[in-house]
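S.K.: One structure, pasted below without further comment.
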Amino acid sequence: MTSQNTQPELLSGGAMLIRALADEGVEYVYGYPGGAVLHIYDAMFQQHQVKHVLVRHEQAATHMADAYARASGKAGVVLVTSGPGATNAVTGIATAYMDSIPMVVICGQVMSHLIGDDAFQETDMLGISRPIVKHNMSVRRPEDIPYLVKKAFYIAQSGRPGPVVLDIPKDMTIPSQKFPYEYPKDIKLRSYNPNAKGHPGQIKKALTTLLAAKKPVLYAGGGVILGQASEELTVLARKLNVPVTNTLMGLGAYPASDPQFIGMLGMHGSYEANQVMHNADVIFAVGARFDDRVTNATKKFCPNATIIHIDIDPASISKTINAHIPIVGLVKPVLQEMLHQLEKNKSELDKDALGQWWQQIKQWREVHGGRYDQSPSHLKPQAVIEAVHRHTKGDAYVTSDVGQHQMFAAQYYKFDKPNRWINSGGLGTMGFGLPAAMGVKLHYPDAEVVCVTGEGSIQMNIQELSTCKQYGLGVKIINLNNGYLGMVKQWQDMNYDSRYSSSYMDSLPDFVKLAEAYGHVGIRVTKAEELEPALERAFALKDKLVFLDIHVDPTEHVYPMQIPGGAMNEMFLSKTERT
Amino acid sequence: MRHILSVLLENESGALARVVGLFAQRGYNIDSLTVAATEDPTISRLTLVTRGDDQVIEQITKQLHKLIEVVKLADLSESAHIERELMMVKVKTTAEQREEVKRCADIFRGQIIDITANTYTIQVVGTSDKLEAFIQALNGTQILETVRSGVSGISRGERTLSL
Numbered sequence: 157m158t159s160q161n162t163q164p165e166l167l168s169g170g171a172m173l174i175r176a177l178a179d180e181g182v183e184y185v186y187g188y189p190g191g192a193v194l195h196i197y198d199a200m201f202q203q204h205q206v207k208h209v210l211v212r213h214e215q216a217a218t219h220m221a222d223a224y225a226r227a228s229g230k231a232g233v234v235l236v237t238s239g240p241g242a243t244n245a246v247t248g249i250a251t252a253y254m255d256s257i258p259m260v261v262i263c264g265q266v267m268s269h270l271i272g273d274d275a276f277q278e279t280d281m282l283g284i285s286r287p288i289v290k291h292n293m294s295v296r297r298p299e300d301i302p303y304l305v306k307k308a309f310y311i312a313q314s315g316r317p318g319p320v321v322l323d324i325p326k327d328m329t330i331p332s333q334k335f336p337y338e339y340p341k342d343i344k345l346r347s348y349n350p351n352a353k354g355h356p357g358q359i360k361k362a363l364t365t366l367l368a369a370k371k372p373v374l375y376a377g378g379g380v381i382l383g384q385a386s387e388e389l390t391v392l393a394r395k396l397n398v399p400v401t402n403t404l405m406g407l408g409a410y411p412a413s414d415p416q417f418i419g420m421l422g423m424h425g426s427y428e429a430n431q432v433m434h435n436a437d438v439i440f441a442v443g444a445r446f447d448d449r450v451t452n453a454t455k456k457f458c459p460n461a462t463i464i465h466i467d468i469d470p471a472s473i474s475k476t477i478n479a480h481i482p483i484v485g486l487v488k489p490v491l492q493e494m495l496h497q498l499e500k501n502k503s504e505l506d507k508d509a510l511g512q513w514w515q516q517i518k519q520w521r522e523v524h525g526g527r528y529d530q531s532p533s534h535l536k537p538q539a540v541i542e543a544v545h546r547h548t549k550g551d552a553y554v555t556s557d558v559g560q561h562q563m564f565a566a567q568y569y570k571f572d573k574p575n576r577w578i579n580s581g582g583l584g585t586m587g588f589g590l591p592a593a594m595g596v597k598l599h600y601p602d603a604e605v606v607c608v609t610g611e612g613s614i615q616m617n618i619q620e621l622s623t624c625k626q627y628g629l630g631v632k633i634i635n636l637n638n639g640y641l642g643m644v645k646q647w648q649d650m651n652y653d654s655r656y657s658s659s660y661m662d663s664l665p666d667f668v669k670l671a672e673a674y675g676h677v678g679i680r681v682t683k684a685e686e687l688e689p690a691l692e693r694a695f696a697l698k699d700k701l702v703f704l705d706i707h708v709d710p711t712e713h714v715y716p717m718q719i720p721g722g723a724m725n726e727m728f729l730s731k732t733e734r735t
Numbered sequence: 115m116r117h118i119l120s121v122l123l124e125n126e127s128g129a130l131a132r133v134v135g136l137f138a139q140r141g142y143n144i145d146s147l148t149v150a151a152t153e154d155p156t157i158s159r160l161t162l163v164t165r166g167d168d169q170v171i172e173q174i175t176k177q178l179h180k181l182i183e184v185v186k187l188a189d190l191s192e193s194a195h196i197e198r199e200l201m202m203v204k205v206k207t208t209a210e211q212r213e214e215v216k217r218c219a220d221i222f223r224g225q226i227i228d229i230t231a232n233t234y235t236i237q238v239v240g241t242s243d244k245l246e247a248f249i250q251a252l253n254g255t256q257i258l259e260t261v262r263s264g265v266s267g268i269s270r271g272e273r274t275l276s277l
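Heads up: the sequence lines are chains R and Z, in that order.
So the mapping is simple: our numbering equals the position in the first sequence, first residue as 1, plus 156.
So the mapping is simple: our numbering equals the position in the second sequence, first residue as 1, plus 114.
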């Protein structure tokens, strides 16, 4: 019998694929069947380790996998068929790519001998996905499947993470053709070896600069969350007594309730965060990439700052803003080394200068302070987010779509923990929020998962209410309904004399009835006094999906807002005030 | 500034498309591009001539490095190097022009590699500048066809780009 145990099992390509996913620890695969992947789906049916979640549109499958990755740190897995199945996944792949989210997307392909013949449901998915993936590969021989799956996960999850597409022609998965299965333990590529630790000399230089700083700021991005380095970041920031700002992608990397936190920075960042950046003498950028929505005009960016930049991707360093002290490495080991060096370092912080700096920051905090106008007639979207924060005790996973509601959620839901704020920051994908909430809820059924959305965005993947019913996903949808594509309208108000070219959402459905039609609970809120009881009822219905259609002030704008072409600290503070 | 980048690449299908795609997506120039397998058939060597200021070239090399199939790369123009390009030119030659064209090819150390009653096909090898000078020198002769290989380059001395 021993000889049988040492002999590798014989499996078909389809079965090898599923077994490899199981061996990789994958619990759920999100997808949609079709001709080219029928062998794979049949193999899926015959085992119980890897569970399949059937979405209603492939884009939703990618967002579910993506959000799972954002919440857990592990790659999400998508399975789609060739042709339209694969092209429907493209937006979701691009979304993950822009935010460096680990994901493995398995696409079916027509039979090898048909490739290039314009066969039914054939599309060159390797060609289409090439600019929006970290890597993509095609299966040429069924026996390579275990190795290619391992390679896909390794590439997706290491270094700067990202999506990997694996294209599998149908004849690679034929049930009757079996091959010995062995899943590789680890993998080494001669052409890919991401540098992890960071140069100790550079780290020392960075520390010396930080210790001598008079007006420092720590600017932390999504890399801190991806790199699971919030703890190190928090300890270091406190030791250095430095103000901390988070990017949109970095919210939660440093606790928002901490007195050293000065809010989000950038286009809709806080007044104080943008002022601190502009006036800083040392900017300590950690896992952030000086995105155009952060810097405003690069020529006017932070004129007096020495820039220290930690990033795992050397191409992110000095891409838009020149870094004086670059450190290439994973955020966590670099910060650990920095803390280690700090313990042995005898230099003192410049307490007087830092005292004055904090005094200045206190004054800046009083200028705007996240205020918004109250309205006697309308509910304010900001007030809704604050109420949701209260009802969830600040501990929910919050997903969002794209637009004004996204910015309100980012500004007013004070995230104290990493991995809790899940939004499409880089690509700005409308339709992300609901499937993202589903991906999180599936893996964390006991957690409160809230999707903050708008009546424009929600309709881009509303069919997923059906998937929610099938899998009992009790997410709470906060639909900030203002009857307009709010962010488009805001720009039209500010730049196009309020000519609302196609920004008005005419013929909206009755969202309450729509939710009910899908088997969920719908609640409409049109007056301020209805909000509290509605939220109470919604969050008391633990296992139910509740769709809260909340009618908010249609005239509201998001502020502060950086003035285009200006420096970081040039902002509109309300409809009537600017810096 | 003109730069010659040498790239060692996994000899896999799609790898070249990734390199070319990168230049198109990010708006970088390609003046010329040559690629072929090396003595190790699993590795291709690609020579690419591009233009840009220091910041652009730095981004290009970093972005190239990010491609999973790129094994190694070097900017040849950063140090002493040799570059060569091969050109074949087919020119129309009337009886009275033939002597002059032959002399011109000799001056550029070109070789006439094919002849017909009415044409010469001339092969010239050298730097891109030399090839352009030869075309200038053919002034007055009718060029029927020009084909250039693109630049290949290698470092001088003991410096190598290898695994």
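Glycine is no exception: its CB is placed at the ideal position from the N, C-alpha and C atoms.
Is the shortest distance between the beta-carbon of Gly-141/Z and the beta-carbons of chain R less than 8 Å?
M.R.: It does not: the Cβ of Gly-141/Z has no partner Cβ on chain R nearer than 8 Å.
S.K.: Ordered along the chain, which non-local residues of its own chain (more than five positions away) have a Cβ less than 7 Å from that of Asn-351/R?
M.R.: Closer than 7 Å at the Cβ level, and outside the excluded window around Asn-351/R, lie Val-484 and Gly-485.
S.K.: Given a cut-off of 8 Å, decide if Gln-277/R and Gly-239/R are closer than it, judged by their beta-carbon atoms.
M.R.: Their beta carbons are under 8 Å apart, which means Gly-239/R touches Gln-277/R by this criterion.
S.K.: Excluding the 5 residues flanking Glu-153/Z on each side, which residues of the same chain have their C-beta closer than 7 Å to its C-beta?
M.R.: Correct list: empty, nothing qualifies.
S.K.: Quick one: list the residues of chain R neighbouring Arg-132/Z, beta-carbon separation under 7 Å, in chain order.
M.R.: Per Cβ cutoff of 7 Å: Arg-286.
S.K.: Gly-612/R to Asp-653/R, Cα distance in whole Å?
M.R.: The straight-line gap from Cα to Cα measures roughly 22 Å.
S.K.: Using only the alpha-carbon positions, how far apart do Ala-436/R and Val-373/R sit?
M.R.: Their Cα atoms are separated by approximately 6 Å.
S.K.: Pairing CB atoms from the segment 422-435 of chain R with CB atoms from the segment 329-336 of chain R, are three or more of them under 8 Å?
M.R.: Contact fails: fewer than three Cβ-Cβ distances are below 8 Å.
S.K.: May I ask you to report which of helix, strand or coil DSSP gives Lys-207/R?
M.R.: The answer is strand: DSSP assigns Lys-207/R an E or B state.
S.K.: Return the first residue and the last residue of the beta strand (DSSP E) that Asp-323/R is part of.
M.R.: Taken as a continuous stretch (DSSP letters only), the beta strand (DSSP E) holding Asp-323/R covers 319-325.
S.K.: Which of the residues in the segment 295-318 of chain R, read from start to end, lie with their CB under 7 Å from any CB of chain Z?
M.R.: Those residues of the segment 295-318 of chain R that come within reach of chain Z (Cβ to Cβ, closer than 7 Å) are Ile-311.
S.K.: Just the chain Z side, please: which residues come within less than 8 Å of Leu-598/R by C-beta, in chain order?
M.R.: Within chain Z, no residue comes near Leu-598/R; the closest Cβ sits about 30 Å away, beyond 8 Å.
S.K.: On the premise that Met-724/R lies in contact with Met-717/R, defined as a C-beta separation below 8 Å, what is that separation, rounded to the nearest angstrom?
M.R.: Actually they do not touch by this definition, with Cβ atoms about 12 Å apart.
S.K.: Indicate whether the contact test is met: 3 or more Cβ pairs, each with one atom in the segment 495-511 of chain R and one in the segment 677-692 of chain R, closer than 8 Å.
M.R.: Result no; under three Cβ-Cβ pairs closer than 8 Å.
S.K.: Using a Cβ-Cβ cut-off of 6 Å (strictly less than) and excluding sequence neighbours within five positions of Ser-159/R, which residues of its own chain qualify?
M.R.: Note that Ser-159/R has pLDDT 49, beneath the 50 cutoff, so the model's placement of it is unreliable and the number below is only indicative. Here the set comprises nothing.
S.K.: Are the C-beta of Gly-135/Z and some C-beta of chain R separated by less than 8 Å?
M.R.: It does: the Cβ of Gly-135/Z has a partner Cβ on chain R nearer than 8 Å.
S.K.: If we call anything under 8 Å between Cβ atoms a contact, is Gln-538/R one with Phe-564/R?
M.R.: Closer than 8 Å, so yes.
S.K.: Would you tell me roughly how many angstroms separate the C-alpha atoms of Thr-230/Z and Thr-156/Z, rounded to the nearest one?
M.R.: If I take the Cα positions, the gap works out to 41 Å.
S.K.: Taking C-beta to C-beta, are Ile-249/R and Thr-218/R nearer than 8 Å?
M.R.: Cβ distance < 8 Å, so Ile-249/R and Thr-218/R count as in contact.
S.K.: Alpha carbon to alpha carbon, how far is Ile-174/R from Pro-319/R?
M.R.: Their Cα atoms are separated by approximately 19 Å.
S.K.: Under the rule that 16 or more other beta-carbon atoms within 10 Å means buried, what is Met-157/R, buried or exposed?
M.R.: For Met-157/R, the predicted structure reports a pLDDT of 43, less than 50, and the residue's modelled location is therefore unreliable. The matter cannot be settled from this model.
S.K.: Helix, strand or coil for Val-608/R per DSSP?
M.R.: The answer is strand: DSSP assigns Val-608/R an E or B state.
S.K.: Excluding sequence positions up to five away, which residues of its chain have a Cβ less than 6 Å from the Cβ of Ile-262/R?
M.R.: Taken in chain order, the residues that qualify are Leu-235 and Leu-322.
S.K.: Is any beta-carbon of chain Z found at less than 8 Å from that of Arg-346/R?
M.R.: Yes, Arg-346/R counts as interfacial toward chain Z.
S.K.: Note down, in chain order, every chain R residue with its Cβ under 8 Å from the Cβ of Glu-172/Z.
M.R.: Per Cβ cutoff of 8 Å: Ser-474.
S.K.: So which residues on chain R does Ala-238/Z lean against when the C-beta distance must stay under 7 Å?
M.R.: It should be noted that the sequence gives Val, not Ala, for residue 238/Z. Simply none; closest approach about 36 Å.
S.K.: Which whole-angstrom value is the C-beta distance of Tyr-627/R and Tyr-553/R, which I expect to be below 8 Å?
M.R.: 16 Å between Cβ atoms; not a contact.
S.K.: In angstroms, rounded to a whole number, what distance separates the CA positions of Met-405/R and Ile-257/Z?
M.R.: Each residue's alpha carbon lies about 59 Å from the other.
S.K.: Spell out whether any CB of chain A is found under 8 Å from the CB atom of His-291/R.
M.R.: Of the chains in the structure shown, none is chain A; the protein chains are R and Z.
S.K.: I believe Leu-636/R touches Leu-598/R by the beta-carbon criterion, under 8 Å. Please report the beta-carbon distance rounded to the nearest angstrom.
M.R.: Not quite, the Cβ-Cβ distance comes to about 24 Å (not below 8 Å), so this is no contact.
S.K.: Cβ atoms of Cys-218/Z and Ala-247/Z: under 8 Å apart, would you say?
M.R.: Going by C-beta atoms, Ala-247/Z is not nearer than 8 Å to Cys-218/Z.
S.K.: Using a C-beta cutoff of 8 Å, does Val-185/Z count as contacting chain R?
M.R.: Yes, its Cβ sits closer than 8 Å to a Cβ of chain R.
S.K.: Is Arg-198/Z helix, strand or coil when you go by DSSP?
M.R.: Three-state result, Arg-198/Z: strand.
S.K.: By alpha-carbon positions, which one of Gly-254/Z, Ser-263/Z and Thr-255/Z ends up nearest to Val-238/Z?
M.R.: Of Gly-254/Z, Ser-263/Z and Thr-255/Z, the residue nearest in Cα terms is Ser-263/Z.
S.K.: Is there contact between the segment 340-349 of chain R and the segment 288-308 of chain R, where contact requires at least three CB pairs shorter than 8 Å?
M.R.: The segment 340-349 of chain R is in contact with the segment 288-308 of chain R.
S.K.: In its own chain, which residues sit with a C-beta less than 7 Å from the C-beta of Asp-228/Z, not counting the 5 before and 5 after it?
M.R.: Closer than 7 Å at Cβ, skipping near neighbours: Thr-235.
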